[in-house]
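Chains as they are written, first to last, in this note's numbering: chain A, 61 to 207; chain B, 4 to 285.
We treat Cβ as the ideally placed atom computed from N, Cα and C, and that holds for glycine.
What follows is one structure encoded as structure tokens, with my remarks underneath.
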Amino acid sequence: MLKDWINKGRLKSPWVVHFDCGSCNGCDIEVLACLTPIYDVERFGILNIGDPKHADVLLVTGTVNHRNKHVLKNIYDQMPEPKAVIAMGACGLTGGVFREAYNVVGGVDKVLPVDVYVRGCPPKPEAIIDGVVLALEKVKAKLEAAG
Amino acid sequence: MGKLLLATLAVFLAPIVGGLIAGIDRKITARLQSRFGPPILQPFYDVFKLLGKAPMMMNPWQILTVWVYLLSSMLTVFLFFMGSDLLLIFFVMTIGAVFFVMGALSTQSPYAQVGAQRELITMLTYEPLIILVFVSIAMVTGSFKVSEVFAYGKPLLYQLPLMFIVLGYALTIKLRKSPFDISACHHAHQELVRGVLTEYSGPQLAIIEIAHWYDVVFILGLVGLFWATSAPGMIILLVVTYFAELVIDNVTARMTWKWMLQSVWCWGLALSVLNLLWLYAG
């Protein structure tokens with residue numbers, strides 16, 4: 061029974077830590093828009109947490125480059141299991157217009173296993189909420205597969 | 004025997020009540036900010052999720068401190084409902100708070116260190132005030148025992164209105180509400196990264212949350228002492244006090260620890276002395 065409650069909690073309270081790999085701030089503003097009264101993601105138990113040790117979902121915006129990929133990996137490693145990664149915006153997905161620059165690694169998935177990709181430059185807040193819901197569905201499928 | 008049963012029941016029910024209060028707290032806060040807010044059961048979802056996360060501690064010391072904090076909070080609630088001595092309850096509560104800070108100090112994270120220092124300062128701020136509240140209760144009822152307070156015929160609020168405000172200061176600090184949420188604010192992401200709570204994660208964080216619910220129940224119990232003669236009066240007093248805390252939390256900004264120490268001590272001590280003088284003269 062305790063396991064059922066824990067699984068329910070996992071679906072109902074995704075705490076998000078938001079990491080900006082040097083984005084233009086467009087995606088980040090849209091993330092913050094999700095917290096405002098119009099979208100109010102706290103309805104779904106989603107909280108924007110500053111501490112990777114408390115977080116369940118890592119939301120990455122911006123291009124990953126050779127300098128900040130270590131920081132990104134470090135933040136990911138500090139999050140306790142189970143965890144999910146969402147890559148956001150054109151830059152987070154592939155490197156965007158900067159993908160051919162000499163210092164750019166490319167998308168977040170070159171460094172971390174990404175669960176959900178949210179497209180757009182920048183994505184709308186609705187798309188971001190959709191992304192978190194999709195990540196939760198993946199978590200749910202994983203939990204059901206594990207029994 | 005009846006007392007023992009009541010106290011045991013209280014220890015089992017306190018986390019449920021505390022969690023519900025936390026849920027209602029988040030809902031009302033959201034409504035005050037014209038948001039819809041999470042479901043009332045949200046704190047329970049959070050805690051169960053945290054219990055299911057992989058443990059990730061810095062050192063074994065953290066596990067010990069977390070459990071001592073939980074046990075001391077449980078013991079506080081147990082002793083309170085046993086009708087025990089207020090001073091004993093106070094010492095047990097302090098042991099829990101000290102261990103909580105020691106767990107944060109045992110790590111090397113600068114965020115946890117700064118948070119722990121600030122938590123120590125908040126303890127320094129509210130503890131003398133709580134002692135003064137207990138002393139004034141003892142001056143009125145002639146005893147430090149909770150059972151004697153319940154046996155006292157009149158509501159304490161008539162004789163200790165200023166001490167009630169002083170307890171309100173302590174309550175705001177203990178609940179980590181603005182303007183006194185300097186050590187582990189819910190919203191201070193950028194500055195402190197949750198302060199004392201930075202290095203606690205997963206199951207340890209869940210235990211801290213449960214211990215905090217016990218603390219909330221205990222402090223609301225202290226507030227209830229001020230209208231111990233009738234149940235409706237006590238409930239109205241608790242609801243009004245907690246709602247006032249929420250409004251204060253939402254209309255004030257976080258202040259610095261120096262401001263907290265100065266203003267709370269000045270006002271708290273002044274109000275306490277006035278009330279005690281009034282009792283002494285009257």
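Give the secondary structure of residue i by DSSP, where H, G and I count as helix, E and B as strand, and everything else as coil.
i, result
"residue 22 of chain B", "helix"
"residue 217 of chain B", "helix"
"residue 144 of chain A", "strand"
"residue 147 of chain B", "coil"
"residue 292 of chain B", "Lying before the first or after the last residue shown, residue 292 of chain B is absent from chain B, which here runs from 4 to 285."
"residue 203 of chain B", "coil"
"residue 177 of chain A", "strand"
"residue 128 of chain A", "coil"
"residue 74 of chain B", "helix"
"residue 98 of chain A", "coil"
"residue 108 of chain A", "strand"
"residue 51 of chain B", "helix"
"residue 172 of chain A", "coil"
"residue 80 of chain A", "strand"
"residue 121 of chain A", "strand"
"residue 165 of chain A", "strand"
Taking only beta-carbon atoms, is residue i less than 8 Å away from chain A?
i, result
"residue 21 of chain B", "no"
"residue 111 of chain B", "no"
"residue 68 of chain B", "no"
"residue 57 of chain B", "yes"
"residue 259 of chain B", "no"
"residue 130 of chain B", "no"
"residue 313 of chain B", "This structure cannot settle anything about residue 313 of chain B, because the visible part of chain B is limited to 4 through 285."
"residue 104 of chain B", "no"
"residue 49 of chain B", "yes"
"residue 38 of chain B", "yes"
"residue 41 of chain B", "yes"
"residue 309 of chain B", "Chain B is shown only over 4 to 285; residue 309 of chain B falls outside these bounds and no answer can be derived."
"residue 45 of chain B", "yes"
"residue 180 of chain B", "no"
Cβ of residue i less than 8 Å from any chain B Cβ?
i, result
"residue 68 of chain A", "yes"
"residue 167 of chain A", "no"
"residue 100 of chain A", "yes"
"residue 72 of chain A", "yes"
"residue 185 of chain A", "no"
"residue 160 of chain A", "no"
"residue 141 of chain A", "yes"
Could you tell me which of the options sits nearest to residue i, measuring between CA atoms?
i, options, result
"residue 67 of chain B", "B/267, B/203, B/259 and B/80", "B/203"
"residue 260 of chain B", "B/176, B/78 and B/137", "B/176"
"residue 69 of chain B", "B/160, B/101, B/196 and B/240", "B/101"
"residue 217 of chain B", "B/9, B/60 and B/81", "B/81"
"residue 152 of chain A", "A/106, A/196, A/182 and A/111", "A/182"
"residue 95 of chain A", "A/186, A/202 and A/198", "A/186"
"residue 127 of chain B", "B/283, B/281, B/271 and B/285", "B/271"
"residue 213 of chain B", "B/25, B/106, B/6 and B/121", "B/25"
"residue 142 of chain A", "B/77, B/52, B/74 and B/60", "B/52"
"residue 358 of chain B", "B/179, B/55 and B/228", "Look at the range of chain B in this structure, 4 to 285, and you will see that residue 358 of chain B is not part of it."
"residue 120 of chain B", "B/230, B/185, B/269 and B/245", "B/185"
"residue 60 of chain B", "B/95, B/111, B/19 and B/7", "B/111"
"residue 81 of chain A", "A/102, A/106, A/61 and A/119", "A/119"
"residue 32 of chain B", "B/280, B/251, B/265 and B/205", "B/251"
"residue 200 of chain B", "B/103, B/8, B/77 and B/256", "B/103"
"residue 164 of chain B", "B/275, B/94 and B/235", "B/275"
"residue 166 of chain B", "B/132, B/187 and B/178", "B/132"
"residue 107 of chain B", "B/243, B/196 and B/13", "B/196"
"residue 91 of chain A", "A/104, A/77 and A/103", "A/77"
"residue 106 of chain A", "B/281, B/41 and B/64", "B/41"
"residue 129 of chain A", "A/86, A/162, A/170 and A/203", "A/170"
"residue 139 of chain A", "A/206, A/68, A/205 and A/74", "A/74"
Does any heavy atom of the ligand MN sit closer than 7 Å to the C-beta of residue i?
i, result
"residue 112 of chain A", "Here there are no bound small molecules, and the ligand MN is not part of this structure."
What are the complete beta strand (DSSP E) segments, minimum 3 residues, inside the segment 227 to 279 of chain B?
None, since the segment 227 to 279 of chain B contains no complete beta strand (DSSP E) of that length.
For the segment 108 to 127 of chain A, which residues have a CB atom closer than 8 Å to at least one CB atom of chain B, in sequence order?
Across the segment 108 to 127 of chain A, CB contacts with chain B closer than 8 Å involve 108, 109, 110, 111, 113, 114 and 116, in sequence order along the chain.
For the segment 21 to 36 of chain B, list every residue whose C-beta sits within 9 Å of some C-beta in chain A, in sequence order.
When C-beta distances to chain A are compared with 9 Å, the residues of the segment 21 to 36 of chain B below that value are 29, 33 and 36, in chain order.
Along the segment 76 to 106 of chain A, what residues have a CB closer than 8 Å to any CB found in chain B?
97, 100, 102, 103, 104 and 105
Positions along the segment 224 to 243 of chain B whose CB lies within less than 7 Å of some CB in chain A
none
Counting only Cβ-Cβ distances shorter than 9 Å, please list the residues of the segment 197 to 213 of chain B near chain A, keeping chain order.
197, 200, 201, 202, 203, 204, 205 and 208
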